[in-house]
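Numbering (this note's numbering), first residue to last: 153 to 408.
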């Protein structure tokens with residue numbers, strides 16, 4: 153499947169995102185355009201505004217879709233990953249949190265598809281870092297082979313940590329997310345005892361799962377992400393592992 157040419161969709165219909173989402177119905181069984189758009193909004197897809205047309209043109213001029221196709225071929229071969237459709241759209245403003253130098257980038261991964269939400273950018277490595285993070289998620293989801301709705305908080309935290317370990321390995325530490333160093337080890341250990349220790353096995357369907365993973369409402373910002381990377385970093389120091397092996401390491405191993 154690889155990169156879907158959403159640039160052609162956007163040239164015609166960037167002002168009407170729900171029309172764009174009509175083309176996504178086949179990829180969301182039972183989904184309707186408005187519901188699909190609402191779901192993607194929570195992960196950082198754009199809202200129409202006066203400058204979006206210019207952003208679309210700049211992304212097209214920079215060959216973003218072609219560059220993403222090259223990245224997909226590279227990492228699918230390297231990681232023996234799944235052949236999935238990948239969709240690129242402009243990003244919302246001030247919503248992403250994955251990258252240090254480009255905070256507007258974000259994305260969302262599913263077992264059978266992947267979305268990248270991009271602003272105008274200068275450094276191609278930022279595109280690669282975002283792709284690596286999101287495609288790592290899809291590879292791990294497929295390697296584990298269980299319904300993501302059954303994921304525990306521990307698995308969700310480990311998944312985020314492993315994706316950023318992959319970014320460090322493939323792109324360099326300077327392209328990692330700022331949340332990898334957001335809290336000190338002392339702070340993380342305190343947060344673990346107070347907030348995480350008794351909640352590691354709560355399922356994704358539990359509202360506390362996302363509250364602890366993303367933070368907010370009295371929970372430190374991106375707590376689950378930060379603690380997940382802390383676990384992965386410490387495990388790597390003791391055991392070492394390749395990105396290719398990281399897709400199947402059990403989440404409970406990170407506490408051994």
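Note that the Cβ used here is the ideal one computed from N, Cα and C, for glycine as well.
| query | result |
| --- | --- |
| Given residue 380 as reference, the closest of 271, 341, 311 once Cα atoms are compared | 311 |
| For residue 200, the first and last residue of its enclosing beta strand (DSSP E) | Element bounds for residue 200: n/a, residue is neither H nor E. |
| Other residues of its chain near residue 245: CB distance less than 7 Å, five sequence neighbours each side excluded | 256 |
| The segment 278-295 / the segment 224-243 touching (three or more Cβ pairs under 8 Å) | yes |
| Reference residue 214; option with closest CA among 367, 387, 273 | 273 |
| Beta strand (DSSP E) segment containing residue 259, residue limits | 258-261 |
| Three-state secondary structure assigned by DSSP to residue 156 | coil |
| Residue 188 vs residue 241 beta-carbon contact at 9 Å | no |
| Closest Cα partner of residue 339 within the set 376, 325, 351, 361 | 376 |
| Residue 159 to residue 349 span [Cα, whole Å] | 45 Å |
| With 16 other Cβ atoms within 10 Å as the buried cut-off, status of residue 315 | buried |
| Close-in-space but distant-in-sequence residues of the same chain around residue 247 (CB under 6 Å, 5 per side omitted) | Low confidence applies to residue 247: its pLDDT is 46, below 50, so where it sits in the model is not reliable enough to give any reading. |
| Alpha carbon of residue 283 to alpha carbon of residue 341, nearest angstrom | 30 Å |
| Contacts around residue 393, its chain only, beta-carbon distance under 7 Å, and the 5 residues preceding and following it disregarded | 401 |
| Simplified DSSP state of residue 243, which is helix, strand or coil | strand |
| Buried versus exposed, by CB contacts within 10 Å (16 or more), residue 258 | buried |
| Rounded distance between the beta-carbons of residue 302 and residue 355, thought under 8 Å | 6 Å |
| Distance CB(residue 305)-CB(residue 364) smaller than 9 Å | yes |
| Beta-carbon contacts of residue 295 that lie in its chain and below 8 Å, excluding the five residues immediately before and after | 399, 400 |
| Segment limits, beta strand (DSSP E) that includes residue 267 | 266-270 |
| Cβ distance (whole Å) where residue 174 is taken to contact residue 185 below 8 Å | 5 Å |
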